[in-house]
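J.: Quick one: the structure is below, questions incoming.
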Amino acid sequence: MNTRFKSLISQYIKAKDNNKPHLMNGVFAEQATLKMLVQTDNISFPAEVEGLGNITHTLVSEFNNKYENIYTLCLIDTVQQQQRSLNCRWVVCMTEKASGSLRLGYGDYLWSFTDDTPTLINDLTITIENMTLLPPELQPQALSWFDKLPYPWALSSDLQTTVPDIELLITTLKPLYQTKDSPK
4 MNTRFKSLIS QYIKAKDNNK PHLMNGVFAE QATLKMLVQT DNISFPAEVE GLGNITHTLV
64 SEFNNKYENI YTLCLIDTVQ QQQRSLNCRW VVCMTEKASG SLRLGYGDYL WSFTDDTPTL
124 INDLTITIEN MTLLPPELQP QALSWFDKLP YPWALSSDLQ TTVPDIELLI TTLKPLYQTK
184 DSPK
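Dropping the structure here:
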């Protein structure tokens with residue numbers, strides 16, 4: 004994997020998960036675009052956002068107004084890289100500030116990078132396949148589990164072999180491990 008691409012993605016995750024909007028200036032190009040393909044009713048985002056400032060507001064500022072204890076992992080064993088693009092699966096665990104509910108979700112990132120020096124992210128498409136609301140009482144175990152995983156890059160097997168023995172967590176994440184070619 005291209006080390007610059009990996010560094011930019013890691014910096015984005017750090018900015019988003021830790022409410023650090025100032026870090027986005029070194030991640031996205033000024034005229035970047037964000038597309039959101041939301042396939043669940045349990046979370047909402049605008050379908051398209053243009054420009055660094057608007058992307059930062061949507062993915063960092065607004066996001067952190069609603070959620071906390073955010074852990075986003077990119078699954079390194081799912082990375083597919085072309086010349087100026089990179090695709091990977093992601094998984095997130097977080098809590099909702101208003102209700103205290105635990106959220107566990109996953110999907111795909113498709114990153115496109117500029118040809119400029121320094122290389123920045125030009126386009127990002129985020130597909131949210133699943134966002135499950137789980138009871139607040141699962142927070143301690145789920146968040147402690149995510150806190151022990153390699154961050155922000157982990158192997159699918161890291162999740163599978165360490166998931167707490169909680170049926171809701173296991174069932175929610177099961178489709179994440181299945182490739183598009185494997186039987187469901």
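Letter 4 of the sequence shown, counting from 1, is numbered 7 in the working numbering, and no numbers are missing.
Where a beta carbon is used, it is the ideal one built from N, C-alpha and C, also for glycine.
1) Over what stretch of residues does the beta strand (DSSP E) that includes T128 continue unbroken?
2) Measuring only the C-alpha atoms, how far is L171 from S10?
3) In its own chain, which residues sit with a C-beta less than 8 Å from the C-beta of V82, not counting the 5 before and 5 after it?
4) L127 to K38, Cα distance in whole Å?
5) Keeping to the same chain, check which residues put their C-beta closer than 8 Å to that of P186; ignore five residues upstream and five downstream.
6) By DSSP's criteria, Y70 is part of a beta bridge. Which residues make up the other side?
7) Could you compute how far the alpha carbon of P139 sits from the alpha carbon of M97?
8) Tell me which same chain residues have a C-beta within less than 8 Å of the C-beta of K3, skipping the five on either side of it?
9) With 16 other CB atoms within 10 Å as the buried threshold, where does T43 fall?
10) What's the call for I58, buried or exposed, on a 16-neighbour Cβ count within 10 Å?
11) Roughly how many angstroms lie between the CA atoms of A32 and D168, to the nearest whole one?
12) Within 10 Å of its beta-carbon, does I73 have 16 or more other beta-carbons around it, so buried, or fewer, so exposed?
13) Can you tell me which of the three DSSP states G54 falls into?
14) According to the Cβ coordinates, are I79 and G110 closer than 8 Å?
15) Using CA coordinates, which residue listed in T6, F48, Q34 and V63 is at the minimum distance from H25?
16) So which of L40, Q84 and E53 has the shortest CA-CA distance to R7?
17) Determine the direct distance from the alpha carbon of K177 to that of D184, and round the result to whole angstroms.
18) So for K17, helix, strand or coil by DSSP?
T.: Answer, in terms of the structure:
1) I124 to L137
2) 33 Å
3) M4, L89, N90 and C91
4) 6 Å
5) Only weak support exists for where P186 lies, its pLDDT of 39 falling under 50; the coordinates are left without a value.
6) E99
7) 11 Å
8) Look at the range of the chain in this structure, 4 to 187, and you will see that residue 3 is not part of it.
9) exposed
10) buried
11) 42 Å
12) buried
13) coil
14) no
15) V63
16) Q84
17) For D184, the pLDDT reaches just 44, beneath the cut-off of 50, and the residue's location in the model is therefore unreliable, although a value from the coordinates is still provided. Distance between the alpha carbons of D184 and K177: 15 Å.
18) helix
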